[in-house]
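Engineer:
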Amino acid sequence: MKKNRQLQALLSNYESSLNAEEYESFVREVTRLQNHYFDILNSYRAGAERAQTTQLLIEEQNLQNAHIKTSCQKGCGACCHLEVEITADDADLLARSILTNNIPYDKVRLALQADRPRLDPEWSKGPVTENRCVMLGADNACGNYENRPTICRKHSVTSPAELCSTLGASPAPLIVPMNEIILSAALSLDNNEFGSLPKMLSAAMKRLQPLEEIRALDFEESP
Numbered sequence: 742m743k744k745n746r747q748l749q750a751l752l753s754n755y756e757s758s759l760n761a762e763e764y765e766s767f768v769r770e771v772t773r774l775q776n777h778y779f780d781i782l783n784s785y786r787a788g789a790e791r792a793q794t795t796q797l798l799i800e801e802q803n804l805q806n807a808h809i810k811t812s813c814q815k816g817c818g819a820c821c822h823l824e825v826e827i828t829a830d831d832a833d834l835l836a837r838s839i840l841t842n843n844i845p846y847d848k849v850r851l852a853l854q855a856d857r858p859r860l861d862p863e864w865s866k867g868p869v870t871e872n873r874c875v876m877l878g879a880d881n882a883c884g885n886y887e888n889r890p891t892i893c894r895k896h897s898v899t900s901p902a903e904l905c906s907t908l909g910a911s912p913a914p915l916i917v918p919m920n921e922i923i924l925s926a927a928l929s930l931d932n933n934e935f936g937s938l939p940k941m942l943s944a945a946m947k948r949l950q951p952l953e954e955i956r957a958l959d960f961e962e963s964p
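Under the working numbering, the first residue of the sequence shown is numbered 742, with each subsequent residue one higher.
Laid out in structure tokens, this is it:
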């Protein structure tokens, strides 16, 4: 079963602070929970349906932790200039929502960002125009908020918002262990690759756009 970086770091921290017996018990519980969420997600169809289920599970955890004050608010936009990585399921949901609802996005920037190799130095330049998420509006708010990826839903910070847009600063992310377990379970599913948003969305759009065009033609030709 895969574990994302945050869950790996969490396990490492507990290994250094717990005795061997306590740590083994903790690992068993993490494994049990991860298997539990894997089984839930695996019962849904790959793609948009499974993405929506994953996101619902994340939102449930966010609601349970809503008492923790974060500094994120509409229009911040700093994290929308990072090399965000999403699942294939998330990309499928994003692409379908864009095509079905005619949601605007920057096609030119998507192509340019999708051509970048992973960890391209350009991403380290921070909130510059070239790094803007292709769905970020002029008001720095997400143009497809209802269908935003899982990683965007679980990411928030407790440090001052201005640190997020300051190069070299170290914002303090809010880590909800259950969210990391859920995402790790999702990453362990078949046909749910993990990659940069531009690459994953570009691939999903190329795969789905012809199908949407065919469906539109069928609808137009129907009596």
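Note that the Cβ used here is the ideal one computed from N, Cα and C, for glycine as well.
1. Residues bridged to valine 898 by DSSP?
2. Hey, would you say isoleucine 809 sits closer than 8 Å to leucine 915, going by beta carbons?
3. For cysteine 883, write down the residues that DSSP places opposite it in a beta bridge.
4. Within its chain, find whatever has a CB closer than 6 Å to the CB of alanine 945; leave out the 5 residues flanking it on each side and keep chain order.
5. Entirely within the segment 782-815 and at least 4 residues each: give me those alpha helix (DSSP H) ranges in chain order.
6. Can you grab the Cα-Cα spacing for the pair glutamine 802 / threonine 841, in whole Å?
7. Closest to cysteine 817 by CA distance: which of Val917, Gly909, Gly936, Pro901 is it?
8. At the level of alpha carbons, what is the spacing between glycine 936 and leucine 759?
9. Find the nearest neighbour of alanine 789 within the set Tyr755, Glu824, Ala761, Ala829, judged by alpha-carbon distance.
10. Given a threshold of 16 other Cβ atoms within 10 Å of its Cβ, counted over all protein chains shown, does lysine 947 qualify as buried or as exposed?
11. Note down, in chain order, each residue of its chain lying with its Cβ closer than 6 Å to the Cβ of threonine 899, except the 5 sequence neighbours on either side.
12. For serine 865, name the three-state secondary structure that DSSP assigns.
13. Let me know the secondary structure DSSP gives threonine 841 once reduced to three states.
Structural biologist: So, from the listed chains and residues:
1. Within the sequence shown, residue 898 is the residue found at index 157, counting from 1. For valine 898, which the question treats as bridged, DSSP gives the partners Pro914.
2. The residue you call residue 809 lines up with position 68 of the sequence shown. The residue you call residue 915 lines up with position 174 of the sequence shown. Yes; because the gap between Cβ atoms is below 8 Å, this pair is in contact.
3. The residue labelled residue 883 in the question sits at position 142 within the sequence shown. Partner(s): Leu877.
4. In the sequence shown, residue 945 corresponds to position 204, counting from 1. Taken in chain order, the residues that qualify are Ala832, Asp833, Ala836.
5. 789-805
6. One-based indexing of the sequence shown puts residue 802 at position 61. One-based indexing of the sequence shown puts residue 841 at position 100. Going by the C-alpha atoms only, they are around 29 Å apart.
7. Against the sequence shown, residue 817 aligns to sequence position 76. Among Val917, Gly909, Gly936, Pro901, the Cα nearest to that of cysteine 817 belongs to Pro901.
8. Residue numbering aside, residue 936 sits at position 195 when the sequence shown is read from its first letter. Residue numbering aside, residue 759 sits at position 18 when the sequence shown is read from its first letter. Our two residues, glycine 936 and leucine 759, have alpha carbons roughly 33 Å apart in a direct line.
9. The residue given as residue 789 occupies position 48 in the sequence shown. Cα-wise, what sits closest to alanine 789 is Ala829.
10. One-based indexing of the sequence shown puts residue 947 at position 206. For lysine 947, the number of other beta carbons within 10 angstroms of its own is below 16, and it is reported as exposed.
11. Along the sequence shown, one-based indexing puts residue 899 at 158. Taken in chain order, the residues that qualify are Thr811, Ala913, Leu915.
12. Translated into positions along the sequence shown, residue 865 becomes position 124. Here serine 865 sits in helix by DSSP.
13. The count along the sequence shown starts at 1 and reaches residue 841 at position 100. Assigned with DSSP and collapsed to three states, threonine 841 falls in helix.
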